[in-house]
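Visitor:
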Amino acid sequence: MSSVNKKEIEKFSKMAAEWWDPSGKFKPLHKFNPIRIKYIKENIINNFKLKAKKRPLDKINILDIGCGGGLLSEPMTRLGANVTGIDASNKNITIAKLHAKKNNLKINYLCSSPEKLKIKKKFDVILNMEIIEHVEDINFFINSCSKLLKKDGLMFIATLNKTLKSYMFAIIGAEYVLRWLPIGTHDWEKFVRPEDLKKILSKNNLKLEKLDGMNFNIIKDEWSISSDTSINYIIKSIKL
Numbered sequence: 002m003s004s005v006n007k008k009e010i011e012k013f014s015k016m017a018a019e020w021w022d023p024s025g026k027f028k029p030l031h032k033f034n035p036i037r038i039k040y041i042k043e044n045i046i047n048n049f050k051l052k053a054k055k056r057p058l059d060k061i062n063i064l065d066i067g068c069g070g071g072l073l074s075e076p077m078t079r080l081g082a083n084v085t086g087i088d089a090s091n092k093n094i095t096i097a098k099l100h101a102k103k104n105n106l107k108i109n110y111l112c113s114s115p116e117k118l119k120i121k122k123k124f125d126v127i128l129n130m131e132i133i134e135h136v137e138d139i140n141f142f143i144n145s146c147s148k149l150l151k152k153d154g155l156m157f158i159a160t161l162n163k164t165l166k167s168y169m170f171a172i173i174g175a176e177y178v179l180r181w182l183p184i185g186t187h188d189w190e191k192f193v194r195p196e197d198l199k200k201i202l203s204k205n206n207l208k209l210e211k212l213d214g215m216n217f218n219i220i221k222d223e224w225s226i227s228s229d230t231s232i233n234y235i236i237k238s239i240k241l
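Be aware that the sequence shown starts at 2, since it is given in my numbering, and climbs by one per residue.
1. Specify, as a first and last residue, the run of the alpha helix (DSSP H) that F141 falls within.
2. Tell me whether I63 is buried or exposed, calling it buried when 16 or more other Cβ atoms sit within 10 Å of its Cβ.
3. Thinking C-alpha only, which one of N129, E75 and K123 is nearest K103?
4. Leaving out five residues before and five after K199 in sequence, what residues of the same chain have Cβ atoms less than 7 Å from its Cβ?
5. When we look at the beta-carbon of N218 and count the other beta-carbons within 10 Å, is it buried (16 or more) or exposed?
6. So, with DSSP's three-state summary, where would you put M16?
7. Mind checking L155: buried by the 16 CB within 10 Å criterion, or exposed?
8. Could you spell out where the beta strand (DSSP E) holding E210 opens and where it closes?
9. Look up A159 in the DSSP assignment and say whether it is helix, strand or coil.
10. Locate the beta strand (DSSP E) running through N1, then write down its first and last residues.
11. How would you label I10, buried or exposed, when you count the other beta carbons within 10 angstroms and need 16 or more for buried?
Printed below as a string of structure tokens:
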């Protein structure tokens, strides 16, 4: 069985060269990135009671799944973590490797899906950012991820809620009206309600610990964490 949706991989492979262009096709992710980094960093520090100031995530082993061109893998490495980034698109991994090399960053990039990852060690933290709405089978995907996570390890998932509002904003608004994203980037049928995700997590030895909304302020042109989970949300779960 495979969690890889070939059509989705082809779609992102075509855009691979634009990963690091802040005004290119991945512009929304560049805007999104600071708030994601802050949220992940703070939750890891609090959870593992880390004390280091300079490289706060020192010695933390992170697996960034669906890492794309490395937009999260690189900042996590700069914060001191040992990062393995995996993506099912070879093109994405090639771009990520080149960019890391150019910036003298040591990141273990591999072209793989979680179920095919041949690594002995288990990770302290797994990042599933904006990926579960692109996989073939969410339950199988989460199950494969859970096996790679240490007991008491953290899994972060950022995705889109399945609401009328998310259809209006994430698809009609972001793809057709504002043209933030190429048309066809998202399929509303693949969006997941938090309560459904919670059930999938608990089936796979993961306990949902924290659920927050992520909202975009058009006036300020920035993202913030909020209590409104009707469009974008991020969760922190812990391996039992």
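Glycine included, each C-beta is placed from N, C-alpha and C at the ideal position.
Guide: Working from what's here:
1. Its alpha helix (DSSP H) spans residues I139 to S147.
2. Burial of I63 is indicated by the presence of at least 16 other C-beta atoms within 10 angstroms of its C-beta.
3. Closest option to K103, Cα to Cα, is E75.
4. Cβ within range, chain order: L209.
5. Sixteen is the threshold: since fewer than 16 other Cβ atoms of the shown chains lie within 10 Å of the Cβ of N218, the residue is exposed.
6. In the structure shown, M16 falls within a coil segment according to DSSP collapsed to helix, strand and coil.
7. With 16 or more neighbouring CB atoms inside 10 Å of its own CB, L155 falls in the buried class.
8. Per DSSP, E210 belongs to the beta strand (DSSP E) from L207 to N218.
9. Correct three-state label for A159: strand.
10. Look at the range of the chain in this structure, 2 to 241, and you will see that residue 1 is not part of it.
11. With a 10 Å radius around the Cβ and a threshold of 16 neighbouring Cβ atoms, I10 comes out buried.
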